[in-house]
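Trainee: 347 is the number of the first residue of the sequence shown in my numbering; add one for each residue after it.
Each residue gets a CB set at the ideal place from its N, CA and C atoms; glycine is no exception.
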Amino acid sequence: MLRNDATNDQRWRNTLTKRMSKTLAAEIAIRTLEVINPTNRPIALSSALRKHGFDPTVAAQPTHPIGRSELVAWLLSTYAPND
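#1: Does the beta-carbon distance from Ala-375 to Val-404 come in below 8 Å?
#2: Determine, using beta carbons only, whether Leu-391 and Thr-409 come nearer to each other than 8 Å.
#3: Can you name, in chain order, every residue of its own chain whose Cβ lies under 7 Å from the Cβ of Gly-399, other than the five neighbours on each side?
#4: Please return the same chain residues whose Cβ sits closer than 7 Å to the Cβ of Met-347, not counting the five positions on each side in sequence.
#5: Using the three-state DSSP reduction, which class does Lys-364 fall into: helix, strand or coil?
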């Protein structure tokens with residue numbers, strides 16, 4: 347189930363104890379995009395998020411191929427929201 351409605355969104359933001367830095371977001375994006383097969387990138391992204399203590403099921407991951415800057419922006423908007 348995707349958590350994209352306002353109630354669930356606010357709930358996870360309130361319980362978010364760890365915020366992602368810009369540097370970490372860039373590192374995760376680079377490592378994710380280094381995976382040759384685009385169909386395996388969501389697996390790599392989930393793995394990297396778990397490795398650094400973030401829940402990969404918080405929001406729906408990008409489904410279409412995206413570039414580094416777009417992935418960094420998605421990571422920051424998802425894991426380092428502005429309050």
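Mentor: The structure says:
#1: On the sequence shown, residue 375 is found 29 positions in, with the first residue counted as 1. On the sequence shown, residue 404 is found 58 positions in, with the first residue counted as 1. Not closer than 8 Å, so no.
#2: Taking the sequence shown and counting its residues from 1, one reaches residue 391 at position 45. Taking the sequence shown and counting its residues from 1, one reaches residue 409 at position 63. Contact flag unset, no.
#3: Position 53 of the sequence shown, counted from the first residue, corresponds to residue 399. Counting only Cβ-Cβ distances below 7 Å, and skipping sequence neighbours, we find Lys-364.
#4: Residue mapping note: residue 347 aligns to position 1 of the sequence shown, counting from 1. Any reading at Met-347 needs caution, since the residue's pLDDT is 43, under 50, leaving its predicted position unreliable; the model's value is listed next. Around Met-347: no qualifying Cβ.
#5: Position 18 of the sequence shown, counted from the start, is the residue given in the question as residue 364. Coil, per DSSP.
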